[in-house]
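In the working numbering, the protein residues as written are -6 to 431.
Here it is, written out as structure tokens:
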């Protein structure tokens, strides 16, 4: 009985297969066989293009992560929030690089810094895999980390707010509070489901506790020799920091004064977030004696290896999604379901967005933008805007993150992620109707 259970295919295998099969069946009846054939090739090409496009970002941010680790900055942050992280990930040592990378990934996601969050998330998966006693099978920590990522805990959905502002919405920032509430619900659901399923899974010890409790964690990056800058170097560094601080009032004066509203200030300052994060980590590393150039280039090498490893997984998931959309299956399903969702406060035009959100980040964002542009102050626009920030691309996240460390048996990660999606979408609809027009 146990042997058969172990040989049972992972849920993602079956789901991926039937996404292809359903696409072919629907296309046979809708006359779109040529379209799904073209979509399969186009999607495969898009997956490789995306993976190659990630190389630069991953190389840069993995290098910057190594600077932060070597300077001890991540250890300080870890200690500050250690009670929460220890409860979430008791099997991961508090001073392990995996903990550092997960913290940076979550922080970047909360601020909407997707370009920085993905490399940090891939770094976290690589470090978690080092604690994995059963290679190729996801540990409890991996499943929980992926579930939290798919829940898309977001404090400021700056991209969505910018789209609403550009479309002329009366109150672009009105989605912040209900969006945070919906995002919190999806995250709580993800954590609860991941913990619940992990507690019920007694098939093996997959907690990632590969280290003994009394064994000291040695981080080779943090242990490297540091060469503090000279007095002149420190003076120049602090002058640079003061010059940047002075640039803030200078920018405000140059722009003609403070922004009219707090929201305008948030939107206009969002472009500063990534440069500030990059500069802070690098300058902090330099002042702590880290050889920043050598450390960044050493970390960048990991980015290239990771990008190559995820290509097969990206191709597979992109082809399935592309064929499903091209066949018309999504359109048929939403036209049927939409007549029922409208009765519970979810406009029919939002149903395709809800289905696309776990599948394609670009597709979901584009669909949301189209709804907002067509009717920026409508209920559909409000629901879609909140929904965009309450969940994430579950299948994409699982394919990329697990693919980066060759995890083929995903255990309960998919179930936890899809539970988060359902709760997030439901919460988005409920809070959107509560706050709309309020």
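Even glycine gets a Cβ: it sits at the ideal position worked out from N, Cα and C.
Please determine, among the options, the residue with the shortest C-alpha to C-alpha distance to residue i.
{"i": "residue 154", "options": "97, 39 and 370", "result": "370"}
{"i": "residue 93", "options": "103, 76, 113 and 84", "result": "113"}
{"i": "residue 157", "options": "64, 273 and 381", "result": "381"}
{"i": "residue 224", "options": "325, 279, 38 and 167", "result": "279"}
{"i": "residue 346", "options": "429, 377 and 179", "result": "377"}
{"i": "residue 182", "options": "419, 310 and 353", "result": "419"}
{"i": "residue 44", "options": "96, 320, 303 and 383", "result": "303"}
{"i": "residue 98", "options": "77, 315, 410 and 139", "result": "139"}
{"i": "residue 365", "options": "7, 163 and 178", "result": "163"}
{"i": "residue 166", "options": "417, 388 and 150", "result": "150"}
{"i": "residue 190", "options": "411, 405 and 410", "result": "405"}
{"i": "residue 385", "options": "368, 426 and 179", "result": "179"}
{"i": "residue 220", "options": "176, 287 and 389", "result": "287"}
{"i": "residue 348", "options": "394, 290 and 417", "result": "417"}
{"i": "residue 423", "options": "175, 362 and 392", "result": "175"}
{"i": "residue 118", "options": "144, 89, 103 and 146", "result": "89"}
{"i": "residue 276", "options": "237, 52 and 339", "result": "237"}
{"i": "residue 289", "options": "14, 61, 48 and 24", "result": "61"}
{"i": "residue 102", "options": "144, 77 and 76", "result": "144"}
{"i": "residue 26", "options": "338, 383, 324 and 317", "result": "317"}
{"i": "residue 427", "options": "18, 372, 410 and 414", "result": "372"}
{"i": "residue 231", "options": "194, 273 and 246", "result": "273"}
{"i": "residue 326", "options": "76, 341, 146 and 313", "result": "341"}
{"i": "residue 135", "options": "159, 171, 73 and 188", "result": "188"}
{"i": "residue 319", "options": "15, 267, 383 and 170", "result": "15"}
My output table needs one value for residue i: the three-state DSSP class, helix, strand or coil.
{"i": "residue 401", "result": "coil"}
{"i": "residue 82", "result": "coil"}
{"i": "residue 8", "result": "helix"}
{"i": "residue 429", "result": "coil"}
{"i": "residue 240", "result": "helix"}
{"i": "residue 56", "result": "helix"}
{"i": "residue 473", "result": "The displayed coordinates of the chain run from -6 to 431. Any statement about residue 473 would go beyond what the structure contains."}
{"i": "residue 417", "result": "helix"}
{"i": "residue 124", "result": "coil"}
{"i": "residue 29", "result": "helix"}
{"i": "residue 339", "result": "coil"}
{"i": "residue 112", "result": "helix"}
{"i": "residue 353", "result": "coil"}
{"i": "residue 423", "result": "helix"}
{"i": "residue 277", "result": "helix"}
{"i": "residue 129", "result": "coil"}
{"i": "residue 219", "result": "coil"}
{"i": "residue 226", "result": "helix"}
{"i": "residue 305", "result": "helix"}
{"i": "residue 89", "result": "coil"}
{"i": "residue 35", "result": "helix"}
{"i": "residue 283", "result": "coil"}
{"i": "residue 267", "result": "helix"}
{"i": "residue 74", "result": "coil"}
{"i": "residue 290", "result": "helix"}
{"i": "residue 366", "result": "helix"}
{"i": "residue 315", "result": "helix"}
{"i": "residue 102", "result": "helix"}
{"i": "residue 382", "result": "helix"}
{"i": "residue 408", "result": "helix"}
{"i": "residue 119", "result": "helix"}
Taking all protein chains shown into account, do 16 or more other C-beta atoms lie within 10 angstroms of the C-beta of residue i, making it buried, or fewer, making it exposed?
{"i": "residue 438", "result": "Past the boundaries of the shown model lies residue 438; the chain is included only from -6 to 431, so the question cannot be answered."}
{"i": "residue 396", "result": "buried"}
{"i": "residue 332", "result": "exposed"}
{"i": "residue 421", "result": "buried"}
{"i": "residue 350", "result": "buried"}
{"i": "residue 283", "result": "buried"}
{"i": "residue 301", "result": "exposed"}
{"i": "residue 95", "result": "buried"}
{"i": "residue 142", "result": "buried"}
{"i": "residue 192", "result": "exposed"}
{"i": "residue 311", "result": "buried"}
{"i": "residue 235", "result": "exposed"}
{"i": "residue 294", "result": "exposed"}
{"i": "residue 329", "result": "exposed"}
{"i": "residue 249", "result": "exposed"}
{"i": "residue 363", "result": "exposed"}
{"i": "residue 432", "result": "An answer regarding residue 432 cannot be provided, because it is not within the stretch -6 to 431 covered by the chain."}
{"i": "residue 18", "result": "exposed"}
* **Complete runs of the alpha helix (DSSP H) confined to the stretch 131 to 190 [at least 4 residues]** => 133 to 144 and 151 to 160
* **Sufficient close CB pairs (3 or more, under 8 Å) joining the stretch 356 to 373 to the stretch 55 to 67** => no
* Contact between the stretch 29 to 36 and the stretch 327 to 342 (3+ Cβ pairs under 8 Å) -> no
* Asked: Should the stretch 384 to 403 be regarded as contacting the stretch 121 to 129, the criterion being three or more beta carbon pairs within less than 8 Å?
  -> yes
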